[in-house]
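Visitor: Line by line, the protein sequences give chains A and B.
So in the numbering used here the end of the first sequence lands on 283, straight run, no missing numbers.
So in the numbering used here the end of the second sequence lands on 544, straight run, no missing numbers.
Input: one structure, supplied below.
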Amino acid sequence: MVEFFQALRNPDILFLRYALVAGLTGSVAFGTIGSYVVAKRITYIAGAIAHSALGGIGAGLYLQVKMGVAWFSPMLGAVVAALVAGFIIGLVNLYARQREDTVIGAIWAIGMALGLLFFSKTPGYIEPMSYLFGNILMISRTDLLIIVSLDVVVILLTVLFYDRFLAVCFDEEFARLRGVPVGLFYLLLICLISLTVVLMVTVVGIVMVIALLTLPAAVAGLYSRVLWKMMIVSSLLCMAFTFFGLGFSYVYDLPTGSNIILVAGSVYILAVMGNLFLKRRAA
Amino acid sequence: MRERGRTPGRGSAPAIELEKLHFSYNRVVVLEDVSFRVERGAFLSMVGPNGGGKTTLLKLMLGLLKPNSGKVTIFEATPEKNRHRIGYMPQYTQFDPQFPVSVLDVVLMGNLGLRRSGPYSRHDRNRACQVLDEVDMCGRSKESFSNLSGGQRQRVLLARALIGQPEILLLDEPTANVDVGIESKLDRILGDLKEKMTILMVTHDLGFVTDMVESVICVNRKVVIHPTRSLDGKLIQELYDVDIRIVQHSHIAKGDGHRDG
């Protein structure tokens, strides 16, 4: 790990610092939003949103490289695509619940199909693997700025509307009876999930981002029985996972995304087993 | 505090009024031609077989469902307009038992329309403690909702319904899956509340609070109301028939032999 700290101080390997900053700031949003996702059991929605982001990334690349629209970055494309996907899923959930799973599956696949289509029509060689499984070399200074500002938005809204979101997640019907605009808050929550998912796409990739969203919250949920505590614990866990994942990947020259997810996954398995053990002893 | 019954003109307006209500779900008729009124301060129980439309009827009164035809009136206005005057306690079994939420969180949800967004204030906590005290759950506010027993969860949900100081209380199966000791506790709590508000309670269990209930609403697609007092011979016969059917039904559903007629 000493090597890792030295590398972080080395001005020649700036990308490592960027990756670490992206990972640590993103972790706060991941911990809070991930807790909502786990508590409300909507992991599959987060999955569909993450995968649909590929469509936006493809569109961004195509517009930038082929059409010369310099400001439309893949990152921005991912944000837009995730928001659109989240909005559609949210509306379907609110107004046509019985077909929700079909729509989620469709958005999942259509987003990826669109992304690959754009990739194939964009001149030059594009490595889809970078987007699917993450590539910290791709994090630019602008990306970092976007990540930090999105992070601030997500955290502000979660803190401000904590009780509303909690009520909507726990008992939608009752929240409606108490005059909470449930549809609005549900859509807002889905949009926050969309923004959060995009935060870490460059670090861990589209395919693995759901795991980083849900595993820290799932571990935290085993030991904390109140939502805000779960959020704090899972944010800290998420930070630890990205830090050690990144460190291992640098020291042993391994893919970053995979390392982060494997660290998270191992801790989750250990936590579940430990919890079972504790329960058995208590019983 | 409330002006119920004080002004003579308003005293005559019922708390709940249903007129020629029809409701069907996916073309299956759930409720048909339902008309009745609940006077202010009344304490009624609603019985009927599973799928007979009891919960649907509650949700129509809350404005969560819209009737296909007919009208629901709560204090001379639509249910939406007067939602804040109704306290609603759903069945506790509909909740995710692993949801990370504290008793305080749950109770304060009942206050959502009244408080601003942001952290709970001291006033909120005191209010929550007050209503928890009313249901004998004081001092448990920091506990996790999922760690409570069924009866305790019921009482927390009752506290959540009470924190907004409702004038009408709608309860959905407060005695479901609850043992006898808790039942008598609930019995006492409802006895206190009866003086303060109009109460309408769905139950499987006809024996529960029979001594307090003024009328029984029998719901099985159609609705028949039987006042428990001043029954003439014919009505008793009719009620008795209906009751036997209901009791037998709950007997099968619950699998524990309890009171007969």
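Backbone N, C-alpha and C define an ideal beta-carbon position, used for all residues, glycine too.
Quick check on the burial criterion: 16 or more other C-beta atoms within 10 angstroms. Buried or exposed for Ser352 of chain B?
Guide: So Ser352 of chain B counts as exposed.
Visitor: Could you tell me the alpha carbon to alpha carbon distance between Ser299 of chain A and Ile147 of chain A, rounded to whole angstroms?
Guide: Nothing can be reported for residue 299 of chain A, as the shown portion of chain A is limited to 1 through 283.
Visitor: Which bits of chain A does Leu391 of chain B rub up against, with CB to CB less than 8 Å?
Guide: Those are Asp163, listed as they occur along chain A.
Visitor: So what does DSSP say about Cys421 of chain B, is it helix, strand or coil?
Guide: The answer is coil: DSSP assigns Cys421 of chain B none of H, G, I, E or B.
Visitor: Would you report the Cα separation of Arg423 of chain B and Ile206 of chain A, rounded to the nearest angstrom?
Guide: Looking at the two C-alpha atoms, the distance is approximately 43 Å.
Visitor: Below 8 Å on the Cβ atoms is my contact criterion, and I expect Leu391 of chain B with Asp171 of chain A to pass it. Report the Cβ-Cβ distance as a whole number of Å.
Guide: Not really, about 12 Å apart at Cβ, beyond 8 Å.
Visitor: Name the residues in the region 346-363 of chain B whose C-beta lies less than 7 Å from a C-beta of chain A; which are they?
Guide: Listed by position along the chain: Leu347.
Visitor: Which residues in the same chain as Val180 of chain A place their Cβ atom closer than 7 Å to its Cβ, once the five residues preceding and following it in sequence are excluded?
Guide: Contacts found: Arg164, Ala167, Val168.
Visitor: For a contact meaning CB atoms closer than 7 Å, what does His406 of chain B contact in chain A?
Guide: Within 7 Å Cβ-Cβ: nothing; His406 of chain B doesn't reach chain A, min ~14 Å.
Visitor: At what residue ranges does the region 335-378 of chain B contain a whole run of the alpha helix (DSSP H), taking only runs of 4 or more?
Guide: For the region 335-378 of chain B, whole alpha helix (DSSP H) runs of length 4 or above, ordered along the chain, are 337-345.
Visitor: So, do the region 122-132 of chain A and the region 56-70 of chain A have three or more beta carbon pairs nearer to each other than 8 Å?
Guide: Result yes; three or more Cβ-Cβ pairs closer than 8 Å.
Visitor: What are the boundary residues of the beta strand (DSSP E) that includes Met484 of chain B?
Guide: It spans 481-485 - the beta strand (DSSP E) in which Met484 of chain B sits, taken as one unbroken run.
Visitor: Along chain A, which residues have their Cβ under 9 Å away from the Cβ of Gly396 of chain B?
Guide: In chain order: Leu177, Arg178, Gly179, Val180.
Visitor: Using a C-beta to C-beta distance shorter than 9 Å, which residues of chain A count as neighbours of Tyr371 of chain B?
Guide: Neighbours of Tyr371 of chain B on chain A, chain order: Glu173, Phe174, Leu177.
Visitor: Could you tell me which residues DSSP puts in a beta bridge with Val317 of chain B?
Guide: For Val317 of chain B, which the question treats as bridged, DSSP gives the partners B:Leu304.
Visitor: Any idea if Leu307 of chain B is buried or exposed, counting beta-carbon neighbours within 10 angstroms, 16 or more meaning buried?
Guide: One point to set straight first is that residue 307 of chain B is Ser, not Leu, in the sequence displayed. So Ser307 of chain B counts as exposed.
Visitor: Run through chain B and tell me which residues come within less than 7 Å of Ser224 of chain A, C-beta to C-beta.
Guide: Chain B residues near Ser224 of chain A: Pro383.
Visitor: Relative to the C-alpha of Gln413 of chain B, which residue among B:Leu348, B:Val313, B:Gly447 is closest?
Guide: When each option's Cα is compared against that of Gln413 of chain B, the closest is B:Gly447.
Visitor: Can you tell me whether Ile269 of chain A is buried or exposed, with buried defined as 16 or more other CB within 10 angstroms of its CB?
Guide: Flag for Ile269 of chain A reads exposed.
Visitor: With contact counted as at least three CB pairs below 8 Å, one residue from each stretch, are the region 22-39 of chain A and the region 83-96 of chain A in contact?
Guide: These segments do not touch.
Visitor: Where does Asn503 of chain B sit, in a helix, a strand or coil, going by DSSP?
Guide: Strand.
Visitor: Near Ala296 of chain B, which residues of its chain fall below 6 Å by C-beta distance, leaving aside the five closest residues on each side in sequence?
Guide: Glu359, listed in sequence order.
Visitor: Please list, in chain order, the chain B residues whose beta carbon lies closer than 7 Å to that of Gly274 of chain A.
Guide: Under the 7 Å cutoff, chain B gives no residues; its nearest Cβ is about 17 Å from Gly274 of chain A.
Visitor: Per the DSSP calculation, Phe326 of chain B is bridged to which residue(s)?
Guide: Paired residues: B:Ile482.
Visitor: 9 Å is my cut-off, CB to CB: does Phe378 of chain B come that close to chain A?
Guide: Closer than 9 Å: yes.
Visitor: May I have the straight-line CA-CA distance separating Lys537 of chain B from Pro373 of chain B, to the nearest angstrom?
Guide: Any reading at Lys537 of chain B needs caution, since the residue's pLDDT is 36, under 50, leaving its predicted position unreliable; the model's value is listed next. Rounded to whole angstroms, Lys537 of chain B to Pro373 of chain B spans 19 Å at the Cα level.
Visitor: Closer than 7 Å by C-beta to Ile107 of chain A: which residues in its own chain qualify, once you throw out the five before and the five after it? Chain order, please.
Guide: The residues are Ala48, Ser52, Ala85, Ile88, Ile89.
Visitor: Can you say whether Glu127 of chain A is buried or exposed, counting buried as having 16 or more other CB atoms within 10 angstroms of its CB?
Guide: Counting Cβ neighbours within 10 Å, Glu127 of chain A comes out exposed, since fewer than 16 surround it.
Visitor: Please state whether DSSP places Ile269 of chain A in a helix, a strand or coil.
Guide: DSSP places Ile269 of chain A in helix when its eight states are reduced to three.
Visitor: Buried or exposed, going by whether 16 or more other CB atoms sit within 10 Å of the CB of Pro383 of chain B?
Guide: The residue in question, Pro383 of chain B, is buried, as its Cβ has 16 or more Cβ neighbours within 10 Å.
Visitor: Which same chain residues, not among the five before or five after Thr338 of chain B, have their C-beta less than 7 Å away from its C-beta?
Guide: Only Asp455, Val485 meet the Cβ criterion.
Visitor: Under 8 Å by Cβ, that's how I've got Tyr371 of chain B and Leu345 of chain B pegged, so tell me the actual separation to the nearest angstrom.
Guide: Contact flag correct, Cβ pair sits at about 6 Å.
Visitor: Along the region 30-42 of chain A, where does the CB come closer than 9 Å to a CB of chain B? Name the residues.
Guide: Under the 9 Å Cβ criterion, the region 30-42 of chain A contributes Ser35, Val38, Ala39, Lys40, Arg41.
Visitor: Helix, strand or coil for Leu61 of chain A per DSSP?
Guide: Reduced to three states, the DSSP call for Leu61 of chain A is helix.
Visitor: The region 221-251 of chain A: which residues have C-beta closer than 7 Å to a C-beta of chain B, in chain order?
Guide: Hits within the stretch, in order: Gly221, Ser224, Arg225, Val226, Leu227, Met230.
Visitor: What runs of the alpha helix (DSSP H), each 4 residues or longer, lie entirely inside the region 172-204 of chain A?
Guide: Within the region 172-204 of chain A, the complete alpha helix (DSSP H) runs of at least 4 residues are 172-177, 182-199, 201-204.
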